[in-house]
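Asks: Take the sequence shown: its letter number 33 is residue 33 in my numbering, and every next letter is one higher. All C-beta atoms, glycine included, are put in the ideal place defined by N, C-alpha and C. Predicted, not measured: the structure shown is a model, and the values here were computed from it.
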Amino acid sequence: MDEPVLKSSGHCTTCDKDVEFVAYNTWLRDNFFCSNCGSIPRQRALMYVIETYLPNWRNLIIHESSPGTGGASQRLANECSHYYPSQYLPGYESGAMIEGVQCENLEELSFPDRSIDLHVTQDVLEHIFHPSKVFSEIARTLKNGGMHICTVPLVNKNKPSKLRARIVNNEIEYIEPPVYHGNPIGDGRSLVTVDWGFDVCQHIFEASGLFSQIIYIDDISKGIRAECIEVLITFKGLRKEQKNEIP
Ligand SMILES: [Zn+2]
């Protein structure tokens, strides 16, 4: 086998073990694996942010839309007693249980107002058609002090976010040539609808009135190193312990 392009030992935040991290491809975002759990950097970054901002996550009500197999989703499922995963299943209403899978459309969640402590999404927001509806539904269903913690590739960085596709008269209209990401369900691919930039925080605020932070972590001791692994946190009010003392 070829020599790895990057190899280091450290502590994996998704399996909570001392491990080796290794990559055989320079695109670390999808290829810098934990030797124990197989997680990738964005999953480890997300779990680290959850641990840091919500250290009592095991006792919280957590909803994750479209969880991945393994990685942070597995850790949340294993250790949080109120973890509710859901999938978007076109043609079914939010709240429906289809073969043991809860269906939730992020644009129209079935959860009551102020019922969720933490919404988690991993690389989902770049595939939604009505971002404002999603941000407003997340805000509606979060408890006070709740958060939405997510990964989303902010590929446009300091350039404005740009719509790639939209729905017009029930048909997809392509504004840019179609780009797809892999999807564990359905036909195996998801259309990218938005190229997000750092101004995603402004879009979230305009749609929901909630503030967000973009957190970028580069910490090789946790195997968190790659392009486009910012973690976005949206806060519904601040918990007391999060108040910043800077006057
Ligand atoms: Zn691991």
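Quick check on T143: does DSSP put it in helix, strand or coil?
Replies: On the sequence shown, position 143 is the one that residue 143 refers to. Residue identity check: residue 143 is Lys in the sequence provided, not Thr. Correct three-state label for K143: strand.
Asks: When DSSP builds the beta bridges, which residues end up paired with A32?
Replies: Within the sequence shown, the letter at position 32 stands for residue 32. Correcting the residue type first, residue 32 is Phe in the shown sequence and not Ala. For F32, which the question treats as bridged, DSSP gives the partners A23.
Asks: By how many angstroms is the C-alpha of P4 removed from the C-alpha of L210?
Replies: Position 210 of the sequence shown, counted from the first residue, corresponds to residue 210. Position 4 of the sequence shown, counted from the first residue, corresponds to residue 4. Each residue's Cα considered, the two are about 42 Å apart.
Asks: So what's F211 in DSSP terms, helix, strand or just coil?
Replies: Counted from its first residue, the sequence shown places residue 211 at position 211. F211: strand per DSSP, three-state reduction.
Asks: Here's a check: name, in chain order, each residue in its chain whose Cβ is nearer than 8 Å to the Cβ of T26, leaving out the five neighbours to either side.
Replies: Here residue 26 is taken as the residue at index 26 of the sequence shown, counted from 1. Answer for T26: V5, listed in chain order.
Asks: Report whether the distance from the Cβ of G68 to the nearest heavy atom of ligand 1 is below 8 Å.
Replies: Within the sequence shown, numbered from 1, the residue matching residue 68 stands at position 68. Checking every heavy atom of ligand 1 against the Cβ of G68, none is found closer than 8 Å.
Asks: Is DSSP giving A165 helix, strand or coil here?
Replies: Position 165 of the sequence shown, counted from the start, is the residue given in the question as residue 165. DSSP places A165 in strand when its eight states are reduced to three.
Asks: Rounded to whole angstroms, what's the CA-CA distance from V152 to S35? Just pull it up for me.
Replies: Residue 152 sits at position 152 when you count from the first residue of the sequence shown. Residue 35 sits at position 35 when you count from the first residue of the sequence shown. When rounded, the distance between both Cα atoms is 24 Å.
Asks: Excluding the 5 residues flanking G95 on each side, which residues of the same chain have their C-beta closer than 8 Å to its C-beta?
Replies: Translated into the one-based positions of the sequence shown, residue 95 becomes position 95. Result list for G95: Q102, C103, E104 and S110, in chain order.
Asks: Restricting to runs no shorter than 3 residues, where is the beta strand (DSSP E) found entirely within the region 103–129?
Replies: Counting whole runs of 3 or more residues, the region 103–129 contains the beta strand (DSSP E) stretches 116–122.
Asks: Here's the rule: buried if 16 or more other CB atoms are within 10 angstroms of the residue's CB, otherwise exposed. What is H148?
Replies: Position 148 of the sequence shown, counted from the first residue, corresponds to residue 148. Its Cβ being crowded by 16 or more others within 10 Å, H148 is buried.
Asks: May I ask you to report which of helix, strand or coil DSSP gives R52?
Replies: Stepping through the sequence shown from its first residue, residue 52 is reached at position 52. The question names Arg, yet the displayed sequence has Thr at residue 52. T52 falls in the helix class under three-state DSSP.
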